[in-house]
Structures are given as C-alpha cells and as structure tokens.
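Notes follow the structure.
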Amino acid sequence: MRRKEPDSCGFAAALQAIGGKWKTSLLWELHLRPYRFAELRRLLPGVSEKVLTQQLRQMEADGLIRRRAYDEVPPRVEYSITPLGFSLNDAVTVMSAWGKHHETWKSQRKAA
1 MRRKEPDSCG
11 FAAALQAIGG
21 KWKTSLLWEL
31 HLRPYRFAEL
41 RRLLPGVSEK
51 VLTQQLRQME
61 ADGLIRRRAY
71 DEVPPRVEYS
81 ITPLGFSLND
91 AVTVMSAWGK
101 HHETWKSQRK
111 AA
C-alpha cells in the first residue's frame with residue numbers, strides 16, 4: 001500500500017524535478033551556456049517540439065531554468081540555467097558516475 005505522506009527525505013522531489021527523458025540532457029546543455037529553442041532541438045535529436053516545450057516549461061516552473069523573451073522582431077527566446085538548476089546538475093553528475101559504475105558491474109557479472 002502506498003503512503004500518502006510527504007517526501008521527508010527529498011529524494012522523490014529531486015527525481016520529480018529531473019524525471020522525463022530529456023530533462024537531464026537539457027540541464028547538462030544549459031549549464032554550458034544559454035540556448036534558444038531551435039538550438040536545443042538540434043542538440044537533442046529525437047525530441048519532438050511538443051515534448052521539448054513541455055519539459056522546458058516544467059523545468060522553468062521548478063526553478064531549474066530561466067526563460068528570457070527579448071522584445072525583438074522576429075521574437076527571440078533564450079533558456080539558461082538558474083543557480084538552483086546548476087546545483088541539481090552536481091547531483092546528476094554524481095548519479096551519472098554511479099550509473100556508469102553500475103553498468104560496468106552488471107556487464108562483469110554477466111561475463112562471469
């Protein structure tokens with residue numbers, strides 16, 4: 001039976017923030033520099049415009065990225081990482097290292 005209690009350790013909240021196929025990739029790319037929507041779409045082959053828009057909006061609502069619309073013609077919008085998003089990138093980097101270690105462990109186990 002599932003508990004209805006709030007997440008006291010914060011792990012579920014962290015996973016919620018990075019949950020989604022493209023969010024960790026977006027977080028990584030945006031920590032390097034700000035990008036426009038079309039640039040992000042080119043960097044992530046396979047992502048649809050709809051999904052990219054949804055995930056960017058979710059990340060903006062979670063405070064991980066900032067959307068800046070310039071008052072220009074044609075319109076220009078840039079996405080950049082926030083300090084909160086940058087701090088999450090540190091955690092994602094550690095999880096990535098763990099994942100690589102785990103994949104190595106699994107492949108060695110299969111070979112034995």
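If you're matching positions, the sequence shown starts at 1 in the UniProt record's numbering and goes up one per residue. Yeah, the Cβ is synthetic: ideal placement off N, Cα and C, and Gly gets one too. Model, not experiment: these values are computed from the prediction.
Please report how far the alpha carbon of residue i lies from the alpha carbon of residue j, in whole angstroms.
i	j	result
residue 38	residue 99	30 Å
residue 10	residue 106	28 Å
residue 87	residue 35	19 Å
residue 18	residue 74	32 Å
residue 89	residue 54	20 Å
residue 12	residue 42	30 Å
residue 66	residue 110	44 Å
residue 92	residue 28	9 Å
residue 48	residue 81	21 Å
residue 112	residue 76	55 Å
residue 69	residue 20	24 Å
residue 44	residue 94	22 Å
residue 40	residue 101	29 Å
residue 51	residue 60	14 Å
Buried or exposed for residue i, please, with buried defined as at least 16 other CB atoms from any protein chain shown within 10 angstroms of its CB.
i	result
residue 79	buried
residue 23	buried
residue 63	exposed
residue 30	buried
residue 26	buried
residue 46	exposed
residue 15	exposed
residue 8	exposed
residue 56	buried
Problem set entry | Unbroken stretches of the alpha helix (DSSP H), 4 residues or longer, contained in the UniProt domain "HTH hxlR-type" (9 to 107) | With a minimum length of 4 residues, the continuous alpha helix (DSSP H) runs that stay inside the UniProt domain "HTH hxlR-type" (9 to 107) are 11 to 18, 23 to 32, 37 to 43, 49 to 61.
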